[in-house]
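If you read the sequence shown in our numbering, its first letter stands for residue 2, the second for the next number, and so on. Just so you know, even glycine gets a beta-carbon here, dropped at the ideal spot from N, CA and C. To start, the structure itself, in structure tokens.
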Amino acid sequence: MSTKRLLGVFAHPDDEGFISGALLHYHASGIETGLIFATRGEVGEISDPLLKTRDDLDEIREEEMRMAASLLGVNNLWFLGYRDSGVRGAPDNQHARAFIHARPAEVVGKLVQIIRQFRPQVIVTFDETGADGHPDHLAIYRYTTSAFHAAADSALYPDLGPAHSAAKLYYTGMTRQQILTMTEWLQEQEPGGPFKNADPQTLGLTDEQINVVLDVERWQDDKVLAASQHRTQVNPSNPVAQMLPEFQRKLRSTEFYQLATSRVGNDTMGENDLFTHVEG
Numbered sequence: 002m003s004t005k006r007l008l009g010v011f012a013h014p015d016d017e018g019f020i021s022g023a024l025l026h027y028h029a030s031g032i033e034t035g036l037i038f039a040t041r042g043e044v045g046e047i048s049d050p051l052l053k054t055r056d057d058l059d060e061i062r063e064e065e066m067r068m069a070a071s072l073l074g075v076n077n078l079w080f081l082g083y084r085d086s087g088v089r090g091a092p093d094n095q096h097a098r099a100f101i102h103a104r105p106a107e108v109v110g111k112l113v114q115i116i117r118q119f120r121p122q123v124i125v126t127f128d129e130t131g132a133d134g135h136p137d138h139l140a141i142y143r144y145t146t147s148a149f150h151a152a153a154d155s156a157l158y159p160d161l162g163p164a165h166s167a168a169k170l171y172y173t174g175m176t177r178q179q180i181l182t183m184t185e186w187l188q189e190q191e192p193g194g195p196f197k198n199a200d201p202q203t204l205g206l207t208d209e210q211i212n213v214v215l216d217v218e219r220w221q222d223d224k225v226l227a228a229s230q231h232r233t234q235v236n237p238s239n240p241v242a243q244m245l246p247e248f249q250r251k252l253r254s255t256e257f258y259q260l261a262t263s264r265v266g267n268d269t270m271g272e273n274d275l276f277t278h279v280e281g
């Protein structure tokens, strides 16, 4: 049995969609997987008011996440307990418990404790643009990067368990070309909508940044089924949901990863395995 472990670290339930193909693939290979979420997505949309109210959205989103995780083969889930900060400029940014106002040392400490407990060889989080620029995505990218290094240093957070040096830290997101294509289409459909000022040239992974390209075409249906468990977030009238099925399928068929740090040797462009050079 494999002793390899993969840990994804994200901001909100449903962010795991960026790596759901990897989670399915590695689970099928006997690799243990885990997910950390900084928040429970308390200020996400509610697609149908009959599902839940704003007052208990955090509870239902955790429940949705647990259902999705079971379909992805993820048996290890952690929630850090911070509040969703909302999109940039939203009133929720000012909430005292918003993740973006959390004390950095506290967040990093929570992540370090989980990393030392779970002891993954590979850790994945958002890229430096936060995939779409969401404040919480940017925050979890920074904190995860710090925790990757801190967890390996026995002098830091000495009371949080034995030091653990994960082999690799990857960043994930969409490619810049994918974001450009999506943004252009959305701006055409809704000229005055939330994407009117989006600058695709500042978001996503460039071709030069991508080290690992995972072909997850075989997991298409499983990815869709897992994503559908986030019922409060699935809105058929959302412009993104109305994008051409061909584009949506192409978007789901491949996942892209940038190698941020490696303690076991560097990947070469075009690698197709996050565990290259990793023993276990």
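When only Cα atoms are considered, Ile47 and Gln234 end up about 6 Å apart. Residue burial is scored here from C-beta neighbours: Asn273 has fewer than 16 other C-beta atoms within 10 angstroms and is therefore classed as exposed. Distance from the CA of Arg98 to the CA of Tyr172, rounded to the nearest whole angstrom, comes to 26 Å. With respect to the C-alpha of Gln230, the residue from Ala12, Ala69 and Val44 having the closest C-alpha is Ala69. In the DSSP assignment, Arg84 is bridged to Ala99. Excluding the 5 residues flanking it on each side, Leu275 has same chain C-beta neighbours closer than 8 Å at Leu7, Ala23, Tyr27, Val123, Val125, Lys169, Tyr171, Val213, Leu215 and Tyr258, in chain order. Burial is judged here by how many other beta carbons sit within 10 angstroms of a residue's own beta carbon; Lys251 has fewer than 16 and is exposed. Here the alpha carbons of Lys224 and Glu63 stand approximately 18 Å from one another. Assignment of Tyr142 by DSSP, reduced to helix, strand and coil, places it in the helix class. Here Asn77 carries a strand assignment [DSSP, helix/strand/coil]. Under the 10 Å beta carbon count, Asp57 is surrounded by fewer than 16 other beta carbons and is classified as exposed. If you check the CB distance, Leu73 and Leu25 come in under 7 Å. Boundaries of the beta strand (DSSP E) harbouring Ala39: Glu33 to Thr40, taken from the DSSP string.
The secondary-structure analysis by DSSP pairs Ile124 across a beta bridge with Leu8 and Leu170.
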